[in-house]
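Colleague:
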Amino acid sequence: MRMNFGIFMAPFHAPGHNPTISLDDDLELLQHLDKLGYDEAWIGEHHSAGSEIIASPEIFIMAAAERTQRIRLGTGVVSMPYHNPLWTVERMVLLDHLTRGRVMFGMGPGALPTDASMLGLEPQQMRPLFEEYIDIAYRLLTSDAPINYESDRLTLKDARLHLRPYSEPLFDLAVAAVASPSGAKLAGRYGAGLLSLGATVAVGMDVLAHHWTIQEQAAKEHGQVADRAKWRLVGLMHLAETEEQAREDVKYGMTQWFRYFQNVAAFPQMAVEGGNLDEMIDFVNGGLGVVGTPEMMVKQIEELLEQSNGGFGAYLTLAHNWANKGATQKSFELFAREVMPHFQSSGMGLQAAADRAQKNRAGLAEKQLKAVEEATQRYEKEVNAAE
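Under my numbering, think of the first position of the sequence shown as 5, with each following residue one higher.
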């Protein structure tokens, strides 16, 4: 199974930075990843807390699609309880046509309580609403039968799509999961991919293989197939040519990122520790991710493969702005050049070929020299004979 690689872009920008320039930087980074051969990018939806400034992943995806050629673009994720599911699905189908099938539909219950509270929603309402709305979305996408639905928040009467998807049979669906088993269960029920957003945090790592078991069981119960190729794990990294350089790079923005999760965002599933920069870096390198070299990153992914108990289809790097733009782009380039080939078959034969050549070098070099010597002797004989 070929492993895919991509980015999960919330994104995170310090409130003091110019938001217009920050959004331009995000689009420029996606262009950079497209040129480097990354497979996919997932774009978040948030409405509060001051750092995650993309309110509509669909609009951002359209801007990114105009600037890129190959990379696939997904919602990461649409907070389904915030929206009428009919209009959400209509927007995704339109994007599917406009991108000629490059779009992916990631769904979740919503992560930030400060978003939900502006709509009068309490945290305990989110998952039940998500389960209702994902069911409506799936039925709209897979059937032409009219849908009638009535609740205190939504009314649908004979609802159906008039424009069907460009992708056949359907663009990729994915469900977000951190610690709760509900995401894995829904992914299995609807044959969707699983987006493990907290794959490397303590609670996420502990349930990684368990989530897959839940998804497989749910898929079996509902006549679906759980496909590991559609399982995406999200982790953290910043790479440089030396660990010392990587640690120097993240002085730019790591502290702000940690403080956001420690003091601002009410998102306890993403619990991070560290009182100063060195402690934060050590916390990341303790299992959350890598601040260091490509070799360290290869080891991290190998450990995740083992923890998953059977493998997964894609590793996504969380965009975090720990480093400035230049160092961030260099990090993604090092990842593409030196990490990806370890997990994709296109580069695996090269090392084997080099090893074979090295093993046989002495004998082949001797034969080559002998062939040159024989050719020289033949030439001298021909010259002598002509005289």
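Using N, Cα and C, we set each Cβ at its ideal position, and we do this for glycine too.
All figures in this text were calculated on a predicted structure; none of them were measured in a lab.
Which residues does DSSP pair with W235 in a beta bridge?
Modeller: DSSP lists L198 as partners of W235.
Colleague: Less than 7 Å between C-beta atoms, sequence neighbours within five positions excluded: which residues of the same chain meet that for G114?
Modeller: Here the set comprises S83, P85, Y86, A120 and M130.
Colleague: May I have a chain-ordered list of the beta strand (DSSP E) segments no shorter than 3 residues that lie completely inside the stretch 217-272?
Modeller: You should have 235-243.
Colleague: Hey, quick one: how far does the alpha helix (DSSP H) through D28 stretch, first residue to last?
Modeller: Taken as a continuous stretch (DSSP letters only), the alpha helix (DSSP H) holding D28 covers P23 to L40.
Colleague: Between the stretch 67-78 and the stretch 274-291, can you find at least three pairs of beta-carbon atoms closer than 8 Å?
Modeller: The answer is no - the stretch 67-78 does not touch the stretch 274-291, with fewer than three Cβ pairs under 8 Å.
Colleague: Since V107 contacts F175 with CB under 8 Å, what's their CB separation in whole angstroms?
Modeller: Their Cβ separation, rounded to whole angstroms, is 5 Å, which keeps V107 and F175 in contact under 8 Å.
Colleague: In whole angstroms, what is the alpha-carbon distance linking A188 and E306?
Modeller: Approximately 22 Å, taken between the alpha carbons.
Colleague: Between which two residues does the beta strand (DSSP E) holding Y319 run?
Modeller: From DSSP, the beta strand (DSSP E) with Y319 extends over A318 to L322.
Colleague: Which residues bound the alpha helix (DSSP H) around Y383?
Modeller: Y383 -> alpha helix (DSSP H) spans S349 to A390.
Colleague: Going by DSSP, what residue range makes up the alpha helix (DSSP H) through V302?
Modeller: Segment P298 to S312, the alpha helix (DSSP H) holding V302.
Colleague: Sort H17, V211, A196 and P89 by Cα distance to S312 and report the nearest one.
Modeller: Checked all of H17, V211, A196 and P89; the closest Cα to S312 is V211.
Colleague: Could you name the residues that DSSP lists as bridge partners for M108?
Modeller: DSSP lists G78 as partners of M108.
Colleague: When you compare each of G110, A223, A269 and V343 to G48 by their alpha carbons, which one comes out closest?
Modeller: Checked all of G110, A223, A269 and V343; the closest Cα to G48 is G110.
Colleague: Does the distance from the CB of L199 to the CB of A178 come in under 8 Å?
Modeller: Their beta carbons are under 8 Å apart, which means L199 touches A178 by this criterion.
Colleague: Spell out a yes or no on whether the stretch 312-323 and the stretch 228-239 are touching, meaning 3 or more CB-CB pairs, one atom from each, closer than 8 Å.
Modeller: As far as the Cβ criterion goes, the stretch 312-323 touches the stretch 228-239, which means the pair count is three or higher.
Colleague: Tell me which residue opens and which closes the beta strand (DSSP E) that W46 is part of.
Modeller: Taken as a continuous stretch (DSSP letters only), the beta strand (DSSP E) holding W46 covers E44 to I47.
Colleague: By the DSSP assignment, the alpha helix (DSSP H) with G10 in it spans what residues?
Modeller: Counting along the chain, G10 falls outside any alpha helix (DSSP H), though it belongs to the beta strand (DSSP E) covering N8 to M13.
Colleague: Can you tell me which of the three DSSP states L160 falls into?
Modeller: Here L160 sits in strand by DSSP.
Colleague: Based on Cα-Cα distance, which residue from A67, M66, T146 and E62 lies nearest to A196?
Modeller: When each option's Cα is compared against that of A196, the closest is T146.
Colleague: Do the stretch 339-358 and the stretch 292-303 meet, that is, are 3 or more Cβ pairs less than 8 Å apart?
Modeller: Contact between the stretch 339-358 and the stretch 292-303 is present, because at least three Cβ pairs lie under 8 Å.
Colleague: Is it buried or exposed, W46, if we count other Cβ atoms within 10 angstroms and call 16 or more buried?
Modeller: Label assigned to W46: buried.
Colleague: Where does G315 fall in DSSP's three states?
Modeller: Correct three-state label for G315: coil.
Colleague: Between which two residues does the alpha helix (DSSP H) holding I63 run?
Modeller: Here the alpha helix (DSSP H) through I63 covers P61 to R71.
Colleague: Give the secondary structure of V294 by DSSP, where H, G and I count as helix, E and B as strand, and everything else as coil.
Modeller: Strand.
Colleague: Using only the alpha-carbon positions, how far apart do V94 and H226 sit?
Modeller: For the record, residue 94 in the displayed sequence is Glu; it is not Val. Cα-Cα distance, rounded: 25 Å.
Colleague: Run the CB neighbour count on A361, radius 10 Å, all protein chains shown included, and call it buried at 16 or more, exposed below.
Modeller: Under this definition A361 is an exposed residue.
Colleague: Quick check on the burial criterion: 16 or more other C-beta atoms within 10 angstroms. Buried or exposed for D100?
Modeller: Buried, since its Cβ has 16 or more Cβ neighbours within 10 Å.
Colleague: Rounded to whole angstroms, what's the CA-CA distance from M96 to E337? Just pull it up for me.
Modeller: Their backbone Cα atoms lie some 30 Å apart in a straight line.
Colleague: Taking the beta strand (DSSP E) that I57 falls in, what are its first and last residues?
Modeller: Run containing I57: none; DSSP gives neither H nor E here.
Colleague: Our contact map puts L308 next to A203 with C-beta atoms below 8 Å; I'd like the distance itself, whole angstroms only.
Modeller: Yes, L308 and A203 are in contact; Cβ-Cβ is about 7 Å, under 8 Å.
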